[in-house]
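Asker: This is the structure I have questions about; it appears just below.
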Amino acid sequence: MSDPVLPLGGTQYEGLVDVREAGPQGMIALRGNLADASLQEAVTSLTGLPMPDMRGAQVLGESGVLWMSPDELLLLVPYRQAARVCAQLSEALQGQLALVENVSDMRAMFRLRGTQLRDVLAKLAPVDFARDALPVGELRRTRFAQVAAGVWFSDDTTAQVFCFRSVAEYMFNLLCTAADPDAFVGFHAG
Amino acid sequence: MSTRLTTGGRLVDRSSDIRFTFNGKTFRGHEGDTLASALLANDQMLVGRSFKYHRPRGVVASGAEEPNALMNLGRDNTHEPNQRATTTELFNGLQATSQNHWPSLDYDIGALNGLFGRFLTAGFYYKMFIHPRPFWKHLYEPFIRQSAGLGRAPDPETRDPDTYEHFHAFVDVVVIGGGVAGLQAAKAAADSGAKVLVLEQTAHWGGRAPVDGGSIDGMTPGEWVRKTVEALEGMENVTLRTRSMGAGVYDHGYLLGYERLTDHAPFMKGPRHRLWRIRAKQIVTATGAIERPLSFAGNDIPGVMLASAMRDYLVNYGVVAGQKTVVVTNNDDAYRTAIALKQAGVQVPAVIDARQMGGGALMEQAKSLGIRVETGRAIAKVKGGKRVTGVAICAMAGGGAMLEEIKCDTVAMSGGWSPVVHLWSHCGGKLTWDEEHAFFRPDPERAPTSHDGLPFVTVTGSANGEMDLKSVLEGADRAGKTSGKAAGGKPRRFAPPKGESAEEMPLRPVWLMPENAWDDLRMKSWLDYQNDVKVSDVQLAAREGYESVEHTKRYTTLGMATDQGKLSNINGLATLAASLGEEIPQVGTTTFRPPYTPISMGAIAGEARGEIFQPIRKTPMHAWHEKHGAAWEPVGHWRRPYCYPQQGESKHDAVHREVLATRESLGLLDASTLGKIIVKGPDAGRFLDMLYTNMMSTLKPGRCRYGLMCTENGFLTDDGVVARIDEDTFLCHTTTGGADRIHAHMEEWLQTEWWDWKVYTANVTEQYAQVAVVGPNARNLLEKLGGMDVGKDMLPFMAWADGTLAGFPVRVYRISFSGELSYEIAVPANLGRAFWDRVVEAGKEWNITPYGTEALHVMRAEKGFIMIGDETDGTVIPQDLGLHWAISKKKEDYLGKRAQERSHMADPNRWQLVGLETVDGSVLPDGAYSVAPGRNANGQRNTQGRVTSTYHSPTLGKGIAMGLVHNGPDRMGEIIPFIRDDGETVVEARIVSPVFFDPEGEKQNV
Amino acid sequence: MLTLKCPYCGVQADETELHAGGEAHLTRHGPGSSDADFESYLFMRENPKGVHFERWRHVNGCGKWFHAARCTMTLEVFGTYPAQTTEPPKKIRDAITVKRPGWTWRELS
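Protein chains in written order, with the numbering used here: chain B, 288 to 477; chain X, 2 to 1007; chain L, 710 to 818.
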């Protein structure tokens, strides 16, 4: 079997911010009753991270728990472990209404880094990217130009953006265009 | 002549030397000039021709309201028409040409129209071109099209080399306008702690105040502006943007800002324009006021300018429009121009003041400078052609009997001021008529309201009808504090700055000069310079019965030009009111619509151009297809290979080859785009029974079933193969374009109707690359790859299995859309390309042939399989397609069932699916109709069917088609006529079974 | 362009993040229903000048359907609430009454 191939082969760009295709990232879609104690127990023990609050992004390295909707989490795990964690989670949730799917291959992820990050993102999404409006550790699902996307800040100058795999190239070109070094805005203090 | 004085001009850098061209002639200007000021400095008074009569026109204003000085800017791929010279900042190498004349600006044949002015009155086109009717198409329309339009559209072959972008900003308070009102409002709002954004459309802060004079807190307005801007720049919660226009105010605090980043310096890199998409809690508009022209005969002759504009050119650029200026006014403000000109050494032979009593302190000052003031007087007419040569003076009362002629080369006119209320009005703010100042100003009781039902726009400064510095600053301070508070801030108790300016006497509303101007004067009194609408046109409209201002606008075209009537609006409706014998507020205004001034199409498109014009969805194998010469077909946002033409091969031949190779040996299709939706839960079967017309709950794990989906109105919306993964889990395949739509459809029903059902869905379309291996050698190939049993017994037709192939984790579905032995193999997307490569390699011995969507279509048509979007068009129910076998009779309910019981749906006379074979073996035209005897009520031929899919079948060597035909299935063997695209030629086709190939399914069931 | 607060994820969503779903609180009529009932379910819609109840989906977001009560004249939003209900909650109705005394919509008031 071959190694996994990223949608864009791990491409990158340097401009107002550095844009780097990230991954492969193991991802598991979990739909279920997020208030259920055994579900919470399974999620926290398998990821080693606390349950996120509404819109929360609990992420540490390659592991994480993203709050996608009131009945959906996206678990982040190391790519090679996704199938195993998926099986363990299914096992742990046996008997309760839940959907667990390994979706590690269906998204593209980008890591954006730089002081102009909030200005660059604000060119693409109808979202308030001010520090107090979208703090570190909060996931915002929205659209970037014409496609659905999610974004969270892992620290003040680093953000993770994900979108569906098929539009990875569109997203990368969008991010590069927005990060054009000659397109400085200076709205959010850098 | 117009010229630049040796001193003065607070905005220009006299040490700089800028070269530019106008109509090919090189001129010189300074940094800080506008194109208009630089043209005037070079004695270029004539700048364009009017739209209808091609009359010579000069610069009349100094800002966004300019109706005349519209230019073509740039050349080739940067060419842009209708740019206002008054708001175009000068730069080295600027190229401008004037518009709307032939052969040249100075000698224009179209000006002959002016000789027929008497005939080209309001509604001329409506009246003239209505008869005789055939003349419209062949004579009138071509003529009108040729003479219509202002400026020259860019060459269709050129591509805009510039880039543009959007920016989403969220702020507490946006202040639009960076004059003294805007700056003070911004300061007061920012002091409250609110996050403030200030937009100023020009390159400079301060607006009119530095030109108009007075004092603020003991400083000149200019000093105060500098100090205040400095203070604002030092505040972290404030963003200041010049060259940024507030273009439009919309619902829920949405505001568009139009930032022009490099128009003034095209050599700079980066985006040319940025469209700010702003959400503001509060919006303060401090957009100032626009001076009104006076309506007197010849008020459009080059050299007649707004008094304030003349002052602007003098103070800001050191430019005077003439050497001898008559000032005509109905208010005190114009005296400022007279005084400034006189002090700059320009002759001012007289100020003509329409008011019997004249003005106040400013008039006295003018008199003390030796300026002659004539009160109760008017201009009867301006003399001159391409330039003013003098004015005829008459009494304001009366019809225009000349008392005296005064020689002059320029006229400065002032008819009072109109607050710029556009932004207030965009989102529903209402106006009130201010009798004292004779203008509409915002009615604070009827403000635009936001999502919470509370007002979100405040108007301040002269935009709010505050016409002296003191009330401007006090009002602005109040506006800033109120908005800051409404946006959640805590206003500080700082006192507003103290403004002082000369006290002014009331104006006299003057809508026509002289009061009872004779006919011939009114026919030369322009209201709308750009569209050539005169006082007489509006009066004619009123006489012809036009009462509504909106109708009059359209009939006369008043205010419909690119300046949207910024100068003409109030004068026009006052003229209408007078003609109707009504009061101005009763007649009302026309509707102000965004944008305030035109914004570029590029800014609206933003980043969406070139590669990112729209998202193109690509499968993991996209690069392979590209490398192997795929001809692409857009399917939704996906790009799928249509076919893979080889060297020298036509698309038709490629499809032919792909079909035959697949049928004979082995074909390969990238089926990754098919939708894949997981449906899971104890109620999953019950749910799918509602979604599909088929019974899905009885499907056994490990098996597949083809299903049809209808919407609640009964029409077929999607189809695909459903695989039961386990007791609780199904995987539903959708069409390529259908994945998101069907997933949304499922979620909608689950969330909004059956929310207590225990089902979850997940759209996993992009998790898998899917490869269809098709043809008699398909099994051989899979066996060669090895890893799982794909034999007839382990994996029969319509079964699926998990396993590995060549070491890849796969799920194999044995389904067929071609009638061949066929497997669809799903692998994780990150391995898709590698798996595809492996299959291509392994298939060489069987001449494996990748095929595209067209071969797929041909093969499915040979088998009589329907295609959503071909056989269906949103009006077709499954019963029409002979799919009764896929409609469960046992189920009480499914989406669409009730609708399919409606009388028209159950009508046996509906058009139904059949196969069609031309008698001569040719291919039927796509979408062709079959005609039936007789004609309908509209005189059209009756129809009895239409072609839904049509191809040349390589397998059968003839044209095959499917179509919907009236009572089709009962008419097997009948020959019916179809009509070609020319609407005449008949092609005869025989009604046959839609299954053209292997009707017993022997090939797929091996 | 509207903004509506998604009651599921708390985002004050931009209209471009939402998908409009038409009139809220329709009662489904399936097989066995009368022609009149079915016609009313499938085709007949309110078109009020004033208070209206609508369905929206937070499509570029958490993906959930919700309901919004708003004024079609002023675009004032009286409230948003989850879709899993057959009629507007009392809290929403009371909020409307405060702003639009005497309002009616279908049989509601």
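Cβ atoms here follow ideal geometry from the backbone N, Cα and C, with glycine treated the same way.
Within the 8 Å Cβ cut-off, does G682 (chain X) reach chain B?
Answerer: Within the second sequence, residue 682 (chain X) is the residue found at index 681, counting from 1. Chain B, which has a Cβ nearer than 8 Å to the Cβ of G682 (chain X), makes this yes.
Asker: Alpha carbon to alpha carbon, how far is A248 (chain X) from T263 (chain X)? Give it in angstroms, no decimals.
Answerer: Here residue 263 (chain X) corresponds to residue number 262 of the second sequence, with the count starting at 1. Here residue 248 (chain X) corresponds to residue number 247 of the second sequence, with the count starting at 1. Their backbone Cα atoms lie some 18 Å apart in a straight line.
Asker: At a CB-CB cut-off below 9 Å, which residues of chain B make contact with G719 (chain L)?
Answerer: For the purposes of this step, residue 719 (chain L) is taken as residue 10 along the third sequence, with counting starting at 1. Those within 9 Å of G719 (chain L) in chain B are M341 and R342.
Asker: Given a cut-off of 8 Å, decide if E66 (chain X) and I302 (chain X) are closer than it, judged by their beta-carbon atoms.
Answerer: Indexing the second sequence from 1 puts residue 302 (chain X) at position 301. Indexing the second sequence from 1 puts residue 66 (chain X) at position 65. Against a cut-off of 8 Å, the Cβ pair of E66 (chain X) and I302 (chain X) comes out as no contact.
Asker: Buried or exposed for F440 (chain X), please, with buried defined as at least 16 other CB atoms from any protein chain shown within 10 angstroms of its CB.
Answerer: Looking up residue 440 (chain X) in the second sequence gives position 439. Under this definition F440 (chain X) is a buried residue.
Asker: Return no unless some Cβ of chain L is closer than 8 Å to the Cβ of N714 (chain X).
Answerer: The residue labelled residue 714 (chain X) in the question sits at position 713 within the second sequence. Output row for N714 (chain X): interface = yes.
Asker: Express the C-alpha separation of V304 (chain B) and G10 (chain X) in angstroms, rounding to a whole number.
Answerer: Residue mapping note: residue 10 (chain X) aligns to position 9 of the second sequence, counting from 1. Residue mapping note: residue 304 (chain B) aligns to position 17 of the first sequence, counting from 1. Their backbone Cα atoms lie some 42 Å apart in a straight line.
Asker: So which of X:A393, X:Y251 and X:M364 has the shortest CA-CA distance to S426 (chain X)?
Answerer: What you label residue 426 (chain X) is simply residue 425 of the second sequence in a count that begins at 1. Nearest option by C-alpha distance: X:Y251.
Asker: Compute the Euclidean distance between the alpha carbons of G792 (chain X) and V438 (chain B), then round it to the nearest angstrom.
Answerer: Counting from 1 along the second sequence, the entry for residue 792 (chain X) is found at position 791. Counting from 1 along the first sequence, the entry for residue 438 (chain B) is found at position 151. Answer to the nearest angstrom: the Cα atoms are 46 Å apart.
Asker: Which two residues bound the contiguous beta strand (DSSP E) that contains G351 (chain B)?
Answerer: Start at 1 with the first residue of the first sequence, and residue 351 (chain B) comes out as number 64. S350 to S356 is the extent of the beta strand (DSSP E) around G351 (chain B).
Asker: Please confirm if H452 (chain X) has its CB atom under 8 Å from at least one CB of chain L.
Answerer: Here residue 452 (chain X) corresponds to residue number 451 of the second sequence, with the count starting at 1. Interface residue, yes.
Asker: Residues in its own chain within less than 6 Å of R706 (chain X) by CB, not counting five upstream and five downstream?
Answerer: As a position in the second sequence, residue 706 (chain X) is number 705, starting the count at 1. The answer, listed in chain order, is L700 and V723.
Asker: Find out if the Cβ-Cβ distance for the pair L783 (chain X), V1007 (chain X) is shorter than 8 Å.
Answerer: If you number the second sequence from 1, residue 783 (chain X) lands on position 782. If you number the second sequence from 1, residue 1007 (chain X) lands on position 1006. No.
Asker: Between the beta-carbon of R452 (chain B) and the beta-carbon of M393 (chain B), is there less than 8 Å?
Answerer: Here residue 452 (chain B) refers to the residue found at position 165 when the first sequence is read from its first residue. Here residue 393 (chain B) refers to the residue found at position 106 when the first sequence is read from its first residue. Contact: yes.
Asker: Is the distance from the Cβ of E872 (chain X) to the Cβ of L857 (chain X) below 8 Å?
Answerer: Looking up residue 872 (chain X) in the second sequence gives position 871. Looking up residue 857 (chain X) in the second sequence gives position 856. No.
Asker: Establish whether the CB of A802 (chain X) and some CB of chain B are separated by less than 8 Å.
Answerer: Numbered from 1 along the second sequence, position 801 holds the residue referred to as residue 802 (chain X). Taking Cβ atoms only, chain B never reaches closer than 8 Å to A802 (chain X), which makes this a no.
Asker: If distances are taken between C-alpha atoms only, which option among X:E659, X:M2, X:F92 and X:E767 comes closest to F268 (chain X)?
Answerer: On the second sequence, position 267 is the one that residue 268 (chain X) refers to. Nearest option by C-alpha distance: X:F92.
Asker: Please classify A773 (chain X) as buried or exposed, where buried requires at least 16 neighbouring CB atoms within 10 angstroms.
Answerer: In the second sequence, the residue the question calls residue 773 (chain X) occupies position 772. So A773 (chain X) counts as buried.
Asker: Taking 8 Å as the cut-off, decide whether the C-beta atoms of P223 (chain X) and V13 (chain X) are in contact.
Answerer: Working through the second sequence from its first residue, we reach residue 223 (chain X) at position 222. Working through the second sequence from its first residue, we reach residue 13 (chain X) at position 12. For the sequence presented, residue 223 (chain X) should be read as Gly rather than Pro. Contact flag unset, no.
Asker: Can you find a CB in chain X that lies within less than 8 Å of the CB of A456 (chain B)?
Answerer: Here residue 456 (chain B) is taken as the residue at index 169 of the first sequence, counted from 1. For the sequence presented, residue 456 (chain B) should be read as Glu rather than Ala. Yes, contact with chain X.
Asker: Among X:L832, X:V996, X:P879 and X:E918, whose alpha-carbon lies nearest the alpha-carbon of S391 (chain B)?
Answerer: For the purposes of this step, residue 391 (chain B) is taken as the residue at position 104 of the first sequence. Closest by alpha carbon: X:L832.
Asker: When DSSP labels each residue in this structure, what does I805 (chain L) get in the three-state scheme?
Answerer: For the purposes of this step, residue 805 (chain L) is taken as the residue at position 96 of the third sequence. Helix at I805 (chain L).
Asker: Is the Cβ-Cβ distance between W633 (chain X) and P646 (chain X) less than 8 Å?
Answerer: In the second sequence, residue 633 (chain X) corresponds to position 632, counting from 1. In the second sequence, residue 646 (chain X) corresponds to position 645, counting from 1. No, the Cβ-Cβ distance between W633 (chain X) and P646 (chain X) is not below 8 Å.
Asker: Could you give the residue range of the alpha helix (DSSP H) that holds V539 (chain X)?
Answerer: For this step, residue 539 (chain X) is matched to residue 538 along the second sequence. Its alpha helix (DSSP H) spans residues V536 to R544.
Asker: If you draw a straight line from the C-alpha of T781 (chain L) to the C-alpha of F762 (chain L), how long is it?
Answerer: Within the third sequence, the letter at position 72 stands for residue 781 (chain L). Within the third sequence, the letter at position 53 stands for residue 762 (chain L). About 10 Å.
Asker: Below 8 Å on the Cβ atoms is my contact criterion, and I expect V230 (chain X) with L184 (chain X) to pass it. Report the Cβ-Cβ distance as a whole number of Å.
Answerer: Along the second sequence, one-based indexing puts residue 230 (chain X) at 229. Along the second sequence, one-based indexing puts residue 184 (chain X) at 183. Indeed, because the Cβ distance is near 7 Å, the residues count as touching under 8 Å.
Asker: Among the candidates X:T553, X:K681, X:K652 and X:P777, whose CA atom is the shortest distance from the CA of L751 (chain X)?
Answerer: Residue 751 (chain X) sits at position 750 when you count from the first residue of the second sequence. Per the Cα distances, X:K681.
Asker: Are V232 (chain B) and C373 (chain B) closer than 8 Å when you measure CB to CB?
Answerer: With chain B running from 288 to 477 in the structure shown, residue 232 (chain B) is simply not present.
Asker: Ordered along the chain, which non-local residues of its own chain (more than five positions away) have a Cβ less than 7 Å from that of K891 (chain X)?
Answerer: To locate residue 891 (chain X), count along the second sequence from 1; it is residue 890. So the list reads M696, once near-sequence residues are dropped.
Asker: Using the Cα positions of T79 (chain X) and Y259 (chain X), report the straight-line distance between them to the nearest angstrom.
Answerer: On the second sequence, position 78 is the one that residue 79 (chain X) refers to. On the second sequence, position 258 is the one that residue 259 (chain X) refers to. Answer to the nearest angstrom: the Cα atoms are 19 Å apart.
Asker: Mind checking whether A470 (chain B) and G271 (chain X) have CB atoms under 8 Å apart?
Answerer: Within the first sequence, residue 470 (chain B) is the residue found at index 183, counting from 1. Within the second sequence, residue 271 (chain X) is the residue found at index 270, counting from 1. Against a cut-off of 8 Å, the Cβ pair of G271 (chain X) and A470 (chain B) comes out as a contact.
Asker: DSSP three-state label for T98 (chain X), please.
Answerer: By 1-based counting over the second sequence, the position of residue 98 (chain X) is 97. T98 (chain X): strand per DSSP, three-state reduction.
Asker: Kindly indicate which residue of X:Y952, X:N943 and X:S651 has the alpha-carbon position closest to the one of E863 (chain X).
Answerer: Residue 863 (chain X) sits at position 862 when you count from the first residue of the second sequence. It is X:Y952.
Asker: Please list the residues of the segment 846–858 of chain X that have a C-beta atom closer than 9 Å to any C-beta atom in chain L, keeping them in chain order.
Answerer: If the cut-off is 9 Å between Cβ atoms, the segment 846–858 of chain X has nothing near chain L.
Asker: Quick one: any contact between the segment 670–685 of chain X and the segment 758–773 of chain X, if contact means 3 or more CB pairs under 8 Å?
Answerer: Yes: the two stretches touch, three or more of their Cβ pairs being nearer than 8 Å.
Asker: Could you check the C-alpha separation between T402 (chain B) and L462 (chain B) for me, to the nearest Å?
Answerer: Counting from one through the first sequence, the residue named residue 402 (chain B) turns up at place 115. Counting from one through the first sequence, the residue named residue 462 (chain B) turns up at place 175. About 15 Å.
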